[in-house]
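The block underneath contains the structure these notes are about, expressed in C-alpha cells.
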Amino acid sequence: MSDDLLKPRFPLGGASPFRSEYEGFSISESMANSFVWLACRLNRQADFERMAREVFGFAMPGPGGLARRSAYSTFWTGPGQWMVVAPFSCHRDLETLMKEGFGPSASVTDQTDAWLRLDLEGVACHTVLERLVALPLHTVGEGSAHRVSVHHTGCFLGCLGMADRYFLLAPRSSARSVFHALRQAAESVLTPLAAPRHPPVSGLSGGGAPHRG
Amino acid sequence: MSAPNRLSHRLPGGLIDRKRTLSFRFDGREYHGHPGDTLASALLAGGRMLMGRSFKYHRPRGPLTAGSEEPNALVELGGGACREPNARATTTELFDGLEARSQNRWPSLSFDVLAVNDLLAPFLTAGFYYKTFMWPRSFWDKVYEPAIRRAAGLGRLSGAADPDVYDKGFLHCDLLVVGGGPAGLTAALAAARAGARVILAEEDFRFGGRLNCDAGLFLGADQQDWISACVEELSSLENVRLMPRTMVFGAFDHGIFGALENNPPQAASGPRQVLWRIYARRTVLAAGAVERPIAFADNDRPGIMLAGAVRAYANRWAVAVGRQVVVFTNNDDGYRTAADLMAKGVEVPAIVDTRSDAAVDVGVPVFAGAAVVGTSGRLRLSGVKLRLSSGEERSLKCDALALGGGWNPNLHLTCHQGHRPVWREDIAAFVPGKAGPPGLRAAGAACGAFSTANALEGGRDAANDALEDLGFRRQDVKLPEAEGRTPSIVAFWHVRSKGGRAWVDFQNDVTVKDVELAHRENFRSVEHLKRYTTLGMAPDQGKTANVIGLAVMAELSGRTIPETGTTTFRPPYAPVSVAAFAGRSTGEDFRPRRLTPSHDWAAEQGAHFVEAGLWLRAQWFPRPGESHWRQTVDREVLATRGSVGICDVSTLGKIDVQGTDAAAFLNRVYCNGFAKLPVGRVRYGLMLREDGMAMDDGTTARLAEDHFVTTTTTANAVAVFRHMEFCRQSLWPGLDVQLVSTTEAWAQFAVAGPNSRRVLQRVVDPEFDISNEAFPFMACGEITVCGGLRARLFRISFSGELAYEIAVPTRYGDGLIRRLMEAGRDFDITPYGTEALGVMRVEKGHAAGGELNGTVTARNLGMERMVSAKKDSIGAPLSRRESLSGEDVLKLVGFCPLDPAQPLVAGSHLLPEGAAAQASNDQGYLTSAVYSPTLATPIALGFLKRGDARLGEVVDVANPLMGTRVRARVVSPHFFDPEGGRLRV
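In order, the protein sequence lines correspond to chains A and B.
For the first sequence, counting from 1, position 143 maps to 1430 in our numbering; every step adds exactly one.
For the second sequence, counting from 1, position 377 maps to 504 in our numbering; every step adds exactly one.
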C-alpha cells in the first residue's frame, strides 16, 4: 500500500474523525465504510437480480429502501441504481468485488471517497433533523434511505434505528459546510456536552494578508 | 430617569401573574408590569397612552388594537446591533429589563418638531410627492427623496449585523390548525383524538383567542378552565405539536405554509426565531377576526381604541384604558364592551350607536342614530363631540373612546393563492369564498361565524370533515355551552362632517379626503387607490383600514363594496424579518462551500483563494517579497514553463460513463467522434447544445471498451451531467449507458512543465513505464503510486507543456500533493493557482469560460472541422445553419498591443483603426486578457469578424467604460508553441 507520506485525510480535514456530542444527540464522522455505485445494465435485469441475491443474500431495495445483511447494506439511489456499503476494513476494494460478483450485468463505480459519512445518534435526532431536511421524519422508518437537501447540498439520509440512529452522506467537498449546518442546528436546540473541536476554517484567504493588486 | 409606577389603571382580575413584577423602560423611563402583560398593556397600566407618532403627519398616537393588526404603537426594541424597529407594542411579550423606545419623532415623543407636518396637511395630500417634486429631475435622488425619507417613516435599523441566531426547519402534519381560539382548540382536539398528526399554531403567547378577552362567552363553564383542560390534553398527546408564539404568515402551493415561531423572550437557549415550512395534508384556518374602526374627524387621538381591544385590555390584562370610556358603535358588540367595563367599575358615560333602533335600556345612556363627529385633546383624548339623531351636537368629557365598526374575518391565508373573498351583507364583511387553497377550510370568526357557539362547533366540524377525507374517524368532541347570538350590525363606515380629517389608514396617514381625492383624480380601481394614496401599505398592510377605504370608494363611485373589490392578499400576513428568512445562511455560511482535496495544504502555503461557483480554488501562492499578485502569477507561469508546476484540478467535473453503448452515447453527445477512441487514450471533445452553440468542452478517457471518464469544465459540471442524464433517460433510453459523477471521489493534480515526468517517475510505482514512448501524449491508464496506491494517470495538457494529470482517491489528495512537492523539490516544483493556469491557457489559445459564453459556435471557435459530418450528434445539424456562417462570422483570434506597456481588458470592443466608438463600428470583443510573462507583453483572445483572415491587421481595442483605446495587432490565438512540440517530448 501507499508509503508513509500518503496519510489519508478524513473528509472534515482531520487525521482522525470529528465528533460532536449534545444532550440526546451526537454527530460522528466515519471513514469506516467503502461505497460503490451499482447500476443494472440495460436488458440484464434478471441476471442482475440473481447476482444480487447471490452476492448480498437479499433482493435490491425499491425507492426509498435500504436493505442490510451481514457485511453489506444497499440503498436505492435512482431507477436501476443503488449504493452498496460495506466495512472498509474488510472490503477495501469493494469495486472489484462487485465487478466480479455482478459481471456484465452491472456497471460499478467506486464512490468510497466521494462522500462524508456522519452517524447521527440519540433521542433528539428528529429535533435536529427537522431543521435540516424537508422529510416527514415520522414516516422514515428503519431500513429506508432518502435523497435530501441539507444546506442546499444534495445528501442521502438513511435510517438505521427507529428515530434515533441515522447516517447522512454528504458530498465530500461540501463536508465542512454540511457538518457546520448540522452543528448549528444542533446547537440551536441542544446543549453541547463538551467544547467541540472545529474543522479547519475554509475562508477565502489562507492566512496571509490579502494579496490583491 | 426613574419615576414611581403607580399602576393606576390596573383593574382586578386578568390573566397576569401579579406575584411577579417586571421592570422595563420606555423612552428611558422605568415602568413595571407582570408576566402575561404585553408592552402595550403594561404601558397602559402605567397610565401611558401615547406610544408613537404617525408616519406622515407625526400625529400623536396610542394603541388602536390589542393584536398584530396594530397600526400605531410601533416601537424600537433593544439596543445596539440587536435593535429591532417597528415592533408592535401590542404583541411584544413583556420581560424583565425590556428596553423600548418610540420612533419617528424628534426630539421627544411628546414634543416632536416634525409635527409641523400636521399643519401642512392641506398640502401633503395623496399624490403630493408625485405632483410636487417633478423639477428639476436630478433633485429627486439627491435632495427630495433623502429629505422625505428623513421626515417620514417608521423605525430605523441599526445598520450592524444582527448578532441573534435564527433558524429554519420543516414540519409535516395531517392537520394544521391556524389559530388557538375556541374554533382552533376544538379543531385540534377532534383531530388529536382521532390520532392524526396535528400542529396547532397560535400567534399569541397564550392559547384561547377571544376567550381570554371577553367575559361571559360560556354559559356556565369557566372559560379559562376549559382552555387549560384543552391545552393540557393536547400537550399530553405525542401526535400534537403545540406552537404558541407562532404566526402562520403564508399559504403556498401544495399545502405548504410558512410559519414564524418566536422563542419566548429571555429564553435560556434556542434561536430567536425559527422559520418553519409546514407541509399540511389539511388545514383549518381559525384565525379569528379583526375589528375595524369608524372614520370620523380626528378619530386618531391617543385614547381612541377599538372596542374589542378595550375589552381585551380590561378582561385579559386588567387594564382600564381610561377612567371615562365612551363607546361608539354600529353593532351589538359595542354593548359588550360597555357591559364588561361597567362590571369592572369603569365609568361609561354613553354609548353612541349609529343605528336608529338601538337598544336604550342597558344601564347607560344610549344615543341611537347618533355619531361622534369630532374629538379634542392633544396627547390624549379629552372629550368627544356627538351629533344626535335630532341634529343637535353635544360634547362629552371622556379620556377614552371605544370604537366598534364591525369585524373583518382574518381570511388572508385563503386568498394567498389568488382566490377572492366574497361579501356578506348581513355581517358587512368579506368572508372566504368557496374556492381557496386546496385542503384549507376556515372555521369560526375567520369564516364569519361570530358567536362562540358557532366557533366551537365550526372548528370541530371543519376538523372532522378534514379527518374523514384523510381516512380518520370523526370525533364527537363535547363542547361547553356558549353564547350563540351573532351580533347585529348596520354597516356604517364614516361620519360626514365639515372640517377635520377622518383617518382610514392610521399607519399610513390616509384619510377619507385622500380617498376622495383619488376618486376625483380617477384612481378608482382599488389597486390604483392603494398605490396613489398608500392605503393598505406599510407593515400592517391595512388590516384595520382596507374595508373602510373600499367602502368610501364604493360610496363615491356608486358601486357596491363587492363591485369595488379588494386588493391582492399576499404573504406575509404580518412582517417577517429578513434574518428569519436567512436562518443559518449568514456570513461565510450564506451558501455551502466546496473545498478541494488540497485546500488545507494550500492554506498552509498562504494561498489566496477565489470562488469558482461553490468551489474555493487557490488563485495564486504568494511568496515573501511579492507585493503584487502579478509578480506571483508571473513567477508561477515562468517556473512551470521553465521546470515544473503543480495545480489542483479536482474541481473539473468527472463523469463515469459505462455500458456496452457508452461509446455510441458519447458519439452522439459530442460533435466529434468517440466511437474509435482506443482504450488507454484520451480525446478532447466539444459538446454542442441543440441549437448548435458550444456548450462545454473537456477530455474523455477510455479506460475500457465499456468504460469512459469524461471531464467537464468546473463551472458546467452539474449542467453537463444533467444534460447527459437527460440524453440517456429521455432521448436514447434504448442505449445501454450508465452515468455517475465521480468528481468528489478523486483528487486530481495537473503536473506540468519540462520536468513533470521526472517528478512523477518518483511517485509512480516502477512497474508503470511513463516514458514518452510507453505513455505518449493523450495516453491514460490505471496505475499505482507511492507503493501500491491505486491512481489514474492522464497525459493531457492545458498549459501547453509536457504535462500529466494524476488522480488518487480523495482521502490521499492532501498526502499526494505534499509527496509531489517533496519529490519535485530539487526541480523547484512550484504550485500554481487558477490565475497562472489562465495565463498559460491563453498563451496556448485554449478556449475556456470567457470564450464558451453560450453565444458561440464551433465555427466561431475555429473548431468547425471537429463537427463530424460522418455521424449525427446533438447540435451538429443546427451548427450548419446558414445564418451562422455568413461572411462576417466572428472568429477566435489573438491580440497583442502595439505598445506592450498598454494592457488589454477583457470585454473591450474591437473597432477598425481610428473608427468612432459606436455600435455600428463594432467588429467584435475581447473574451480573455492576460499579461504573458513568457512573451513579456499583454495578450488577449477575442472574437473578430473574419478574424482568421485578418492576421497582421491592426485594430482598436476600445473600452468606453474605462475610457481607454489601445491599438492591437491581430495574431494567431496560439501565442506560444503553436506547433505543440513541447507537449509531445
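Each residue gets a CB set at the ideal place from its N, CA and C atoms; glycine is no exception.
1) Would you decide whether Lys605 of chain B is buried or exposed? Buried here means 16 or more other CB atoms lie within 10 Å of its CB.
2) Quick one: what's Val401 of chain B bridged to in DSSP?
3) Straight-line CA distance for Asp1397 of chain A to Trp1324 of chain A?
4) Could you name the residues that DSSP lists as bridge partners for Phe1322 of chain A?
5) Could one say the Cβ of Trp1324 of chain A lies closer than 8 Å to chain B's Cβ atoms, at least one of them?
6) Which bits of chain A does Leu338 of chain B rub up against, with CB to CB less than 7 Å?
7) Quick check: the Cα distance between Phe153 of chain B and Arg228 of chain B, rounded to an integer number of angstroms?
8) State the CB to CB distance for the pair Phe724 of chain B and Thr937 of chain B, rounded to an integer number of angstroms; the pair is presumed to be in contact (CB under 8 Å).
9) Classify Leu1062 of chain B as buried or exposed, calling it buried when 16 or more other Cβ atoms lie within 10 Å of its own Cβ.
10) Taking the alpha carbon of Ser1436 of chain A as the reference point, which residue from A:Cys1446, A:Pro1458 and A:Thr1383 has its own alpha carbon closest?
11) Let's see if you can read the secondary structure: which residues bound the alpha helix (DSSP H) around Ala831 of chain B?
12) Rounded to whole angstroms, what is the Cα-Cα separation between Gly311 of chain B and Gly532 of chain B?
13) Which residue from B:Met905, B:Asn882 and B:Ala1003 puts its Cα closest to that of Glu817 of chain B?
14) Quick one: using the 10 Å Cβ neighbour count with 16 as the cut-off for buried, is Phe717 of chain B buried or exposed?
15) Check whether chain A comes within 8 Å of Ala872 of chain B, counting only Cβ atoms and requiring the distance to be less than that.
16) With a cut-off of 8 Å on the beta carbons, I'd call Ala576 of chain B and Ala582 of chain B a contact; round off their distance for me.
17) According to DSSP, is Arg133 of chain B helix, strand or coil?
18) Please list, in chain order, the chain B residues whose beta carbon lies closer than 7 Å to that of Leu1480 of chain A.
19) Residues of chain A with CB under 7 Å from Asp727 of chain B, in chain order?
20) For Thr456 of chain B and Thr671 of chain B, I'd like the C-alpha separation in whole angstroms.
21) Cα-Cα, which of A:Ala1401, A:Phe1305, A:Glu1336 and A:Arg1355 is closest to Gln1368 of chain A?
22) Can you give, in chain order, each stretch of the beta strand (DSSP E) that sits fully within the region 598 to 654 of chain B and has at least 3 residues?
23) Please list, in chain order, all residues of the same chain as Asp641 of chain B whose beta carbon is under 8 Å from its beta carbon, the five residues on each side excluded.
24) Run through DSSP, which three-state label would Trp728 of chain B get?
25) Taking Asp484 of chain B as the reference, which of B:Ser516, B:Ser509 and B:Ala879 has the closest Cα?
26) Can you tell me the Cα-Cα spacing of Lys1294 of chain A and Cys913 of chain B, whole angstroms?
27) Give me the Cα-Cα distance between Pro131 of chain B and Val367 of chain B, rounded to the nearest whole angstrom.
28) Answer with yes or no whether the minimum CB distance from Cys1446 of chain A to chain B is below 8 Å.
29) Work out the CA separation of Leu506 of chain B and Arg333 of chain B for me, nearest whole Å.
30) Just reading off the beta strand (DSSP E) that Met990 of chain B is part of, what are its end residues?
31) Using a Cβ-Cβ cutoff of 8 Å, what residues of the region 1443 to 1476 of chain A are near chain B? List them in chain order.
32) Straight-line CA distance for Phe650 of chain B to Lys524 of chain B?
33) How about Met1385 of chain A and Val1371 of chain A: do their beta carbons lie closer than 8 Å?
34) Since Gly504 of chain B and Arg1418 of chain A are thought to touch, with beta carbons under 8 Å apart, how far apart are those beta carbons, to the nearest angstrom?
35) Among B:Val983, B:Ala707 and B:Ala629, which one has its Cα closest to the Cα of Arg186 of chain B?
36) Report the option in A:Trp1363, A:Met1449 and A:Asn1330 whose CA atom is closest to the CA atom of Thr1434 of chain A.
To lay it out plainly:
1) exposed
2) B:Asp294 and B:Glu388
3) 6 Å
4) A:Val1372
5) yes
6) Ordered by position in chain A, no residue passes the 7 Å Cβ test against Leu338 of chain B, which lies about 31 Å from the chain.
7) Cα to Cα, Phe153 of chain B sits roughly 5 Å from Arg228 of chain B.
8) The displayed chain sequence assigns Pro, not Phe, to residue 724 of chain B. Rounded to whole angstroms, the Cβ separation of Pro724 of chain B and Thr937 of chain B is 5 Å, and the two are in contact under 8 Å.
9) Around the beta carbon of Leu1062 of chain B, fewer than 16 other beta carbons sit within 10 angstroms, so the residue counts as exposed.
10) A:Pro1458
11) Looking at the DSSP string, Ala831 of chain B is not in any alpha helix (DSSP H); the run it does join, the beta strand (DSSP E), is Ala821 to Ala831.
12) 25 Å
13) B:Ala1003
14) exposed
15) yes
16) 6 Å
17) Note that Arg133 of chain B scores 48 on pLDDT, short of 50, meaning its location in the model is unreliable and no value can be drawn from it.
18) Those within 7 Å of Leu1480 of chain A in chain B number zero; the least Cβ separation is about 14 Å.
19) Using a Cβ-Cβ cut-off of 7 Å, Asp727 of chain B is close to Gly1300 and Pro1487 of chain A, given in chain order.
20) 15 Å
21) A:Glu1336
22) The qualifying runs are 630 to 632.
23) Thr252, Ala253, Val631, Thr660 and Leu662
24) The answer is helix: DSSP assigns Trp728 of chain B an H, G or I state.
25) Nearest option by C-alpha distance: B:Ser516.
26) 11 Å
27) Confidence at Pro131 of chain B is low in this model, with a pLDDT of 38, below 50, so the placement of that residue is unreliable and no value is reported for it.
28) Cys1446 of chain A does not count as touching chain B.
29) 32 Å
30) Unbroken run through Met990 of chain B: none, as it is neither H nor E.
31) Cβ contacts with chain B: Pro1458, Arg1459, Ser1460, Ser1461, Ala1462, Arg1463, Ser1464, Val1465, His1467, Ala1468, Gln1471, Ala1472, Ser1475 and Val1476.
32) 40 Å
33) yes
34) With a Cβ gap of about 50 Å, Gly504 of chain B and Arg1418 of chain A do not count as contacting.
35) B:Ala629
36) According to the sequence as given, residue 1434 of chain A is Arg; it is not Thr. Comparing Cα positions, the closest option is A:Trp1363.
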